[in-house]
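Shown next, in C-alpha cells, is the structure this report addresses.
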Amino acid sequence: MTTSQNEPARTQRVMHELRPRLLEVVEVSSIAPRMVRVTFTGDDLDTFVTLDADDHMKMTFPPREGAELVLPAWSEHGPVWPEGKEKPAIRDFTPRRHDPLAKRLEVDFFLHGEGPASRWAAKAQPGQILGVLGPRGSFVVSDVFDWYLMIGDETALPSIARRLESFAPGVKAVALIEVDGPKDEIAVATQADASVTWVHRNGQRDALEQAVRNASFPEGEGFVWAGGEATALRGIRRYLLREANLPAEWASFSGHWKIGVADHDHHEPIEN
Ligand SMILES: Cc1cc2nc3c(=O)[nH]c(=O)nc-3n(C[C@H](O)[C@H](O)[C@H](O)COP(=O)(O)OP(=O)(O)OC[C@H]3O[C@@H](n4cnc5c(N)ncnc54)[C@H](O)[C@@H]3O)c2cc1C
1 MTTSQNEPAR TQRVMHELRP RLLEVVEVSS IAPRMVRVTF TGDDLDTFVT
51 LDADDHMKMT FPPREGAELV LPAWSEHGPV WPEGKEKPAI RDFTPRRHDP
101 LAKRLEVDFF LHGEGPASRW AAKAQPGQIL GVLGPRGSFV VSDVFDWYLM
151 IGDETALPSI ARRLESFAPG VKAVALIEVD GPKDEIAVAT QADASVTWVH
201 RNGQRDALEQ AVRNASFPEG EGFVWAGGEA TALRGIRRYL LREANLPAEW
251 ASFSGHWKIG VADHDHHEPI EN
C-alpha cells in the first residue's frame, strides 16, 4: 500500500453526543434458529449516529424475569436512578442497520440462553420499550486498506454483515464466521470481492482459530477486526500478530463475552 499526504485517514475516532433514548419495538423476526432481529422506533432516532460497523450502544434490560424495567433520569453528570428500585441490566449491542428518515433501528440478538438480554430477546414483542445509550463514538475504518479480515462468532455477525454490506465494489475481504452448524448461517449481502467462510464449531472451542490458521490472505496491507468469546480470541490474536506477523496497529480485537462471566467488560485487553 502506498500512502500520500492527500490520502484520507485510514482510521479515525469520531465522538458523538451521548444521549439516552427510549425505543419501542415495532417488529421481531427470526433470521436463524438462534438469532432474532428486533426493529425499534423512537422519536429521536433521526439524530442517532452510527458511522461504522464496529459501533456499539448500551441497552437496558429487565434484570430478572418479570422485573419492572427501571430507566434513569439524565443529568449533566450522567444517569440518575430512582431510589429503592432495582437497576436494569445493561449490555452492549451493535446497531445492525439504522434508517434516520424512517426512525428505525435494527439489532440482531443471539439467543445464547442465559442472561437478561438473551432472555428478553427470546420473548421480544412489538410495543415493548428499552432504554439505549450511545453509541458514544465511532472508530471509522476507511475502505483504503488492500484487504479486510473479519473474524467472529454470532455476536460479531451483526458487525461483520454490516461491514460487508458497506464495502465499495471490489474491496477485498475475507470473513470467517463461527456458528453451530449450517442452519445457523444467514444470507450476507456485499459488493466486495469477498470470501465468506462459515465455520461450524461442532462443539469445538478452537474451531475459529483453526479456520484462521488455515486461511490465506490477499497481498498488501490488511485491516483485521475480530469479535467473540474473549478467551478464544487470545489464540487468534497471538497467531495473527506473532506468527502471521500482521501489524497490531491495523488490528482490533473485542471480547464480546466471556465464558462463565455475566456482563463481561469488552475493554478488558485480549492478551498475547
Ligand atoms: C461491542 C459489542 C457489541 C456486541 N454486539 C452484539 C450484537 O449485536 N448481538 C449480540 O447478540 N451480541 C452482541 N454482543 C455480545 C453481548 O453483549 C453479550 O453476549 C452479552 O453477554 C449478552 O448479555 P446477556 O444478558 O444475554 O448475558 P450475560 O448476563 O452477560 O451472561 C450470562 C451468561 O451467558 C454467557 N454468555 C454471554 N454471551 C454468550 C454467547 N454469545 N454465547 C454463549 N454464552 C454467552 C455468559 O458467559 C454468562 O455465563 C456485543 C458485545 C460487545 C462488547
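Quick note, the sequence shown lines up with residues 1 to 272 if you use this note's numbering. Even for Gly, the Cβ is constructed at its ideal location relative to N, Cα and C.
I'd like the list of long-range same chain contacts for residue 12, defined as Cβ closer than 8 Å, with 5 residues on each side in sequence excluded. 139, 140 and 142
Whole-angstrom Cβ separation of residue 215 and residue 171, contact assumed at under 8 Å? In fact, because the Cβ distance is near 17 Å, the residues do not count as touching under 8 Å.
Kindly indicate if chain B contains any beta-carbon less than 8 Å away from that of residue 157. Looking at the structure shown, chain B is missing, and only one protein chain is on hand.
Residues bridged to residue 103 by DSSP? None; residue 103 has no bridge partner.
Look up residue 20 in the DSSP assignment and give the residues it is bridged to. 133
Is residue 258 a contact residue of ligand 1, with contact defined as CB to any heavy atom under 7 Å? yes
Cβ contact check for the stretch 43–56 and the stretch 186–206: 3 or more pairs under 8 Å: no
Any heavy atom of ligand 1 closer than 7 Å to the Cβ of residue 115? yes
Beta carbon of residue 104, beta carbon of residue 39: below 8 Å? yes
By Cβ distance below 8 Å, which residues in the same chain neighbour residue 65 in space, the five residues on each side in sequence not counted? 119
Residue 267 classed as buried or exposed, judged by whether at least 16 other C-beta atoms fall within 10 angstroms: exposed
Within 10 angstroms of the Cβ of residue 222, are there 16 or more other Cβ atoms? Answer buried if so, exposed if not. buried
Quick check: the Cα distance between residue 274 and residue 204, rounded to an integer number of angstroms? Missing from the structure shown is residue 274; the chain here goes from 1 to 272 and no further.
Span separating the alpha-carbon of residue 176 from that of residue 16: 30 Å
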